[in-house]
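**Q** Which chain is which? The protein sequence lines are A and X, in order. Quick note: the first sequence, position 387, residue 386 per numbering that gives the first Met the number 0, numbers continuous. Quick note: the second sequence, position 79, residue 78 per numbering that gives the first Met the number 0, numbers continuous. Okay, handing you the structure first.
There are 2 protein chains.
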Amino acid sequence: MRENTQLEKAVKGDISPEMREVAAKEHLDPEFIRSEVAAGRIVIPANHTHTNLAPIGIGKSLTTKINANIGNSAMSSCPKKELAKLDVALRCGADTVMDLSTGENICEIRRSIVAASPAPVGTVPIYEALSLVEDPMLIDIELLLKVVEQQAKQGVDYMTIHAGLLREHVPLAMKRLMRIVSRGGAVTAKWMQHHQKENPFHENFDRLLEICQRHDVTLSLGDGLRPGCLADSSDDAQFAELQVIARLVRKCRDAGVQVMVEGPGHVPLDQIEMNMRKEDKLCDGAPFYILGPVVADCAPGYDHITSAIGAAMGAFHGASMLCYVTPREHLGLPDIEDVRQGVIAFKIAAHAADVALKRPHARDRDDAISRARMAFDWEAQFNFSLDPERAREIRAQSLQETQQQPLNDDKKSDHCTMCGPKYCSLKTSLEITE
Amino acid sequence: MRENTQLEKAVKGDISPEMREVAAKEHLDPEFIRSEVAAGRIVIPANHTHTNLAPIGIGKSLTTKINANIGNSAMSSCPKKELAKLDVALRCGADTVMDLSTGENICEIRRSIVAASPAPVGTVPIYEALSLVEDPMLIDIELLLKVVEQQAKQGVDYMTIHAGLLREHVPLAMKRLMRIVSRGGAVTAKWMQHHQKENPFHENFDRLLEICQRHDVTLSLGDGLRPGCLADSSDDAQFAELQVIARLVRKCRDAGVQVMVEGPGHVPLDQIEMNMRKEDKLCDGAPFYILGPVVADCAPGYDHITSAIGAAMGAFHGASMLCYVTPREHLGLPDIEDVRQGVIAFKIAAHAADVALKRPHARDRDDAISRARMAFDWEAQFNFSLDPERAREIRAQSLQETQQQPLNDDKKSDHCTMCGPKYCSLKTSLEITE
């Protein structure tokens, strides 16, 4: 049998071009990347059909990656807008994007996103399946696998599949303050109760794996029972599902299919480290892809911040990829400015963890901007910053308010409007003679 | 001798009205508050002259407090604007405010802030001293103490004094990438080198204590050598100053003066816990009042987020008060919207830590908003959120974009624009019959 997937190649001992590219980006040895891919601790989502892909690696020995969710809803957005969101997300530094469209033209939007994106593209196939039926209870495994296959053929690099949620877990979730907040999880649970049948993806997991192996689609095992509020975090429902997911991780690896695991959700600060360790141990080091986590429920409008706090802690304690949360979370579908705010907040979280974990060259950018600050070189400060446009804007606004010199004279002005020249600590400390 | 300060009263065994008020706010026993104040592990900044004060306690056994810096600079702002900033800061939940004015009308601005603020007001007296001399090198101890006394008489509740920075520390700071980024620290260092004399506040600490004891001004021992970038964090300069500060903490307590300790600055995630423990140990549990810390240097325009991450970690590991950082940090003087963004980001950090530390009733608000989410009660969601105005605004905007029903019909609409009705996980999971 030909080795189709990065995992199969790595197990065989081959270092693929994708592994070499990941090694170069991460300042690591290609053989190390191969061995981690072989062990399942790194995944390289790279569908054969996604020809313009610039591959990246996801794993706890690599820099922390971030994902931006885009896609329309039944109530909002159009295909053009989604490409504009893609553009902003990539420019601000998203490492992967998920197209979560649930409105019109799902297939067409996805096609154009895959075509335009050098970053790996992920989806949640059950969303498209839902759009194809009048009543969600009419979904069946043939429809689900048809959607998965069609998306795989289009070049989708990874897919969220809620295969770990079983019938026996549903009563555990019904006890919660917020029951089930995952869309795929809620529909699957309702479907199982309605039909008195087991989770169709769980029952037909081998057929799913066959498609994924053929196209090298990386599976992202979704946590349909992720907690939706602090009160529900780290409960029986969450961990019962994780146990099943851990078994499915092994099935994926045996089938040569790359796999990562999705994680919570809403988690208080004191439970984050425990959650990261638990996944790592149960799932034998499968990359953990976490949503936030949000560390407080009471800040709608600011959940990019609430979750950046949890995400930084999560990455510091071992998460490999962080799914962004935008300021519009819990309130509506993100617009372009929300995408920008979400991506930057999560770049900060990922970068803070990478610096703390002493990833190769992680602090170079910080040191460069600090040197530029000391030299009052504003242009360099902007250029080394995560969002140069925003930093420039704020500085220009501050100068205008105080009617200081125009920006074209600004390159070396030796103070800012925060302190003014007399109180500038940098200016003062440069005057100290030794 | 009459007991003038909360510390003296507590040591004598008296439970003051201020201690009772703090106990009620924190759901704790008044005698516990007294014993912690007596031990110096809680401070209650409450100048006798600040008559409209609603006292709060600061200490690691209490809810995490946040401070908002306001005040003008030589280049920007006017007295009216500072009162507007005070108003926004208090409305968004700042527990204390510092007036850091360095421009015109310093004395008048401070008077109006103290008069208008039920929250404790802090200052950095060396800023006003600097405004009174042509050349910073003309400052002397008589001027400094005169300013301190005048501010104490006006009702300032706590003052940042950089008394721990000694001449021998300056060469350590000169080795750094960013030398000295504290304004008070930089001027003090330059003054010591210029005059070849020791730190005037350190040399005349007893005279300072006498004023503070008389008015019950709480000292906040400033970290003039706080690191200004990740490269400089936790270095010899920082910890040499902290050793001196620890000695001064004991002098304060012996003199009956309440004291807290200021902390870094720029600190990578992996060093935050160590920094919190070190201060606690060296300074015998004196409340740690930290600035941020910023956990990455490369996000100007977003430093409220960079520092909220550090602040949440800091509070979780024992910091008692968090000094906010606004989006304009490193770029200019914050305006009113920056104050709002900074305060909310830090309320999130403080709250996340309080939930994680299981402070009494800390999670009530989160549970209430989660119940409101489950009931699709949008009004209740707004009312329990940290910034109801902002949450309302975003929801209204989302509804408008999708031309949904107007807001007055909104109280019970059973989905949002993120998912729409068909994909709403809450709606779906409420439909699951057991």
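Cβ atoms here follow ideal geometry from the backbone N, Cα and C, with glycine treated the same way. All of these numbers come straight from a predicted model, not from anything done at the bench.
Starting from the N-terminal side, write out each stretch of the beta strand (DSSP E) that is 3 residues or longer and does not extend beyond the region 136-192 of chain A.
**A** Within the region 136-192 of chain A, the complete beta strand (DSSP E) runs of at least 3 residues are 157-160.
**Q** Which class does E133 of chain A belong to by DSSP, given the choice of helix, strand or coil?
**A** In the first sequence, the residue the question calls residue 133 of chain A occupies position 134. Judged by DSSP in its simplified three-state form, E133 of chain A adopts coil rather than helix or strand.
**Q** Would you identify the three-state DSSP class for L6 of chain A, choosing helix, strand or coil?
**A** As a working mapping, residue 6 of chain A is identified with position 7 in the first sequence. In the structure shown, L6 of chain A sits in a helix (DSSP, three-state: H, G or I).
**Q** Pull the bridge partners of D269 of chain A from the DSSP assignment, please.
**A** As a working mapping, residue 269 of chain A is identified with position 270 in the first sequence. According to DSSP, which records beta bridges pairwise, D269 of chain A is partnered with nothing at all.
**Q** Is E2 of chain A close to chain X, meaning its C-beta is less than 8 Å from at least one C-beta of that chain?
**A** Against the first sequence, residue 2 of chain A aligns to sequence position 3. No, E2 of chain A does not count as interfacial toward chain X.
**Q** Rounded to whole angstroms, how far is the Cβ of C251 of chain A from the Cβ of Y288 of chain A, which I believe are closer than 8 Å?
**A** Residue mapping note: residue 251 of chain A aligns to position 252 of the first sequence, counting from 1. Residue mapping note: residue 288 of chain A aligns to position 289 of the first sequence, counting from 1. That pair is no contact at about 14 Å.
**Q** Smallest Cα separation from E328 of chain A: which of A:A230, A:N68, A:K280, A:H193?
**A** Residue 328 of chain A sits at position 329 when you count from the first residue of the first sequence. Ranked by how close their Cα comes to the Cα of E328 of chain A, the residues A:A230, A:N68, A:K280, A:H193 have A:N68 in first place.
**Q** Taking V42 of chain X as the query, report the chain A residues whose CB atoms sit under 7 Å from its CB, ordered along the chain.
**A** Position 43 of the second sequence holds residue 42 of chain X. Residues of chain A passing the Cβ test: none, with the nearest at roughly 25 Å.
**Q** Nearest by alpha-carbon distance to P170 of chain X: which of X:P119, X:D235, X:H161, X:D337 is it?
**A** Position 171 of the second sequence, counted from the first residue, corresponds to residue 170 of chain X. Of the candidates X:P119, X:D235, X:H161, X:D337, the one whose C-alpha sits nearest the C-alpha of P170 of chain X is X:D235.
**Q** Quick one: does G419 of chain X have its CB under 8 Å from some CB of chain A?
**A** Within the second sequence, the letter at position 420 stands for residue 419 of chain X. Yes, because at least one Cβ of chain A sits closer than 8 Å to the Cβ of G419 of chain X.
**Q** If you draw a straight line from the C-alpha of L61 of chain X to the C-alpha of P359 of chain X, how long is it?
**A** The residue labelled residue 61 of chain X in the question sits at position 62 within the second sequence. The residue labelled residue 359 of chain X in the question sits at position 360 within the second sequence. Cα to Cα, L61 of chain X sits roughly 9 Å from P359 of chain X.
**Q** Could you check the C-alpha separation between I244 of chain X and V260 of chain X for me, to the nearest Å?
**A** The sequence position of residue 244 of chain X within the second sequence is 245, counting from 1. The sequence position of residue 260 of chain X within the second sequence is 261, counting from 1. Distance between the alpha carbons of I244 of chain X and V260 of chain X: 8 Å.
**Q** Of all the CB atoms in chain X, is at least one closer than 8 Å to the CB of E430 of chain A?
**A** Position 431 of the first sequence, counting from 1, holds the residue named residue 430 of chain A. So, interface residue.
**Q** Is V256 of chain A helix, strand or coil by DSSP?
**A** Reading the first sequence from its first residue, position 257 is the one you call residue 256 of chain A. V256 of chain A sits in coil when the DSSP states are folded into three classes, being neither helix nor strand.
**Q** Using a C-beta cutoff of 8 Å, does V354 of chain X count as contacting chain C?
**A** Absent from the structure: chain C. Protein chains present are A and X.
**Q** I need the boundaries of the beta strand (DSSP E) containing R96 of chain A, first residue and last residue.
**A** Here residue 96 of chain A refers to the residue found at position 97 when the first sequence is read from its first residue. Looking at the sequence itself, residue 96 of chain A is Val, so the reference to Arg does not match. That run of the beta strand (DSSP E) goes 95-98.
**Q** Against chain A, does Q237 of chain X count as a neighbour if the rule is that its beta carbon must be under 8 Å from one of theirs?
**A** Taking the second sequence and counting its residues from 1, the one referred to as residue 237 of chain X is at position 238. Not one chain A Cβ lies under 8 Å of Q237 of chain X.
**Q** Is M320 of chain A helix, strand or coil when you go by DSSP?
**A** Taking the first sequence and counting its residues from 1, the one referred to as residue 320 of chain A is at position 321. If DSSP states are grouped into helix, strand and coil, M320 of chain A belongs with the strands.
**Q** Taking the straight line between their C-alpha atoms, what separation do you get for L131 of chain X and T122 of chain X?
**A** On the second sequence, position 132 is the one that residue 131 of chain X refers to. On the second sequence, position 123 is the one that residue 122 of chain X refers to. When rounded, the distance between both Cα atoms is 16 Å.
**Q** Using the Cα positions of Y422 of chain A and L137 of chain X, report the straight-line distance between them to the nearest angstrom.
**A** For the purposes of this step, residue 422 of chain A is taken as the residue at position 423 of the first sequence. For the purposes of this step, residue 137 of chain X is taken as the residue at position 138 of the second sequence. Separation of Y422 of chain A and L137 of chain X (C-alpha to C-alpha, rounded to the nearest whole angstrom) is 15 Å.
**Q** Tell me, to the nearest whole angstrom, how far the beta carbon of I160 of chain X is from that of L218 of chain X; I am working on the premise that it is less than 8 Å.
**A** On the second sequence, residue 160 of chain X is found 161 positions in, with the first residue counted as 1. On the second sequence, residue 218 of chain X is found 219 positions in, with the first residue counted as 1. The pair is a contact, with the Cβ atoms about 6 Å apart (cut-off 8 Å).
**Q** Using a Cβ-Cβ distance cut-off of 8 Å, determine whether L176 of chain X contacts chain A.
**A** Residue 176 of chain X sits at position 177 when you count from the first residue of the second sequence. Chain A contact via Cβ: present.
**Q** Using a Cβ cut-off of 8 Å, which residues of the region 68-82 of chain A contact any Cβ in chain X, in chain order?
**A** S72, A73, M74, S75
**Q** For I125 of chain A, does the three-state DSSP call read helix, strand or coil?
**A** In the first sequence, the residue the question calls residue 125 of chain A occupies position 126. Correct three-state label for I125 of chain A: helix.
**Q** Under 8 Å, Cβ to Cβ, is there at least one residue of chain X near G184 of chain A?
**A** As a first step, residue 184 of chain A must be located in the first sequence, where it is residue number 185. Yes, G184 of chain A counts as interfacial toward chain X.
**Q** Pop quiz: H214 of chain A and H47 of chain A are said to be a contact at Cβ under 8 Å. What is the actual Cβ separation, rounded to whole angstroms?
**A** The residue given as residue 214 of chain A occupies position 215 in the first sequence. The residue given as residue 47 of chain A occupies position 48 in the first sequence. Indeed, because the Cβ distance is near 6 Å, the residues count as touching under 8 Å.
**Q** What's the C-alpha gap between R434 of chain A and L332 of chain A?
**A** With chain A running from 0 to 433 in the structure shown, residue 434 of chain A is simply not present.
**Q** At 8 Å on the CB atoms, spell out the chain X contacts of F383 of chain A, in chain order.
**A** As a first step, residue 383 of chain A is located in the first sequence; it is residue number 384 there, counting from the start. The answer, in chain order, is C297.
**Q** Is L43 of chain X helix, strand or coil when you go by DSSP?
**A** Here residue 43 of chain X refers to the residue found at position 44 when the second sequence is read from its first residue. Reading off the sequence, residue 43 of chain X comes out as Ile, not Leu. Under the three-state reduction of DSSP output, I43 of chain X falls in the coil class, being neither helix nor strand.
**Q** Taking the beta carbon of P405 of chain X as the centre, do at least 16 other beta carbons fall within 10 Å, making it buried, or is it exposed?
**A** Looking up residue 405 of chain X in the second sequence gives position 406. Any reading at P405 of chain X must be qualified, since the residue scores a pLDDT of 48, below 50, and its modelled position is unreliable; the value itself is stated next. P405 of chain X is exposed by the Cβ-count criterion.
**Q** Round the Cβ separation of F381 of chain X and S412 of chain X to the nearest angstrom and send it over; I've been treating them as touching at under 8 Å.
**A** By 1-based counting over the second sequence, the position of residue 381 of chain X is 382. By 1-based counting over the second sequence, the position of residue 412 of chain X is 413. About 13 Å; that fails the 8 Å criterion.
**Q** At a cut of 8 Å, does the region 358-373 of chain A reach the region 69-88 of chain A through at least three beta carbon pairs?
**A** They do not touch, by the three-pair rule.
**Q** Using 8 Å for Cβ pairs, my map puts A344 of chain X next to I304 of chain X. What's the rounded Cβ distance?
**A** Position 345 of the second sequence holds residue 344 of chain X. Position 305 of the second sequence holds residue 304 of chain X. Confirmed, Cβ separation roughly 6 Å.
**Q** Against chain A, which members of the region 161-172 of chain X pass a CB distance test of less than 9 Å?
**A** V169, P170, A172
**Q** Identify whether S412 of chain X lies in helix, strand or coil by the three-state DSSP scheme.
**A** Stepping through the second sequence from its first residue, residue 412 of chain X is reached at position 413. If DSSP states are grouped into helix, strand and coil, S412 of chain X belongs with coil.
**Q** Leaving out five residues before and five after S424 of chain A in sequence, what residues of the same chain have Cβ atoms less than 8 Å from its Cβ?
**A** As a working mapping, residue 424 of chain A is identified with position 425 in the first sequence. Cβ neighbours of S424 of chain A beyond the five flanking positions: C418.
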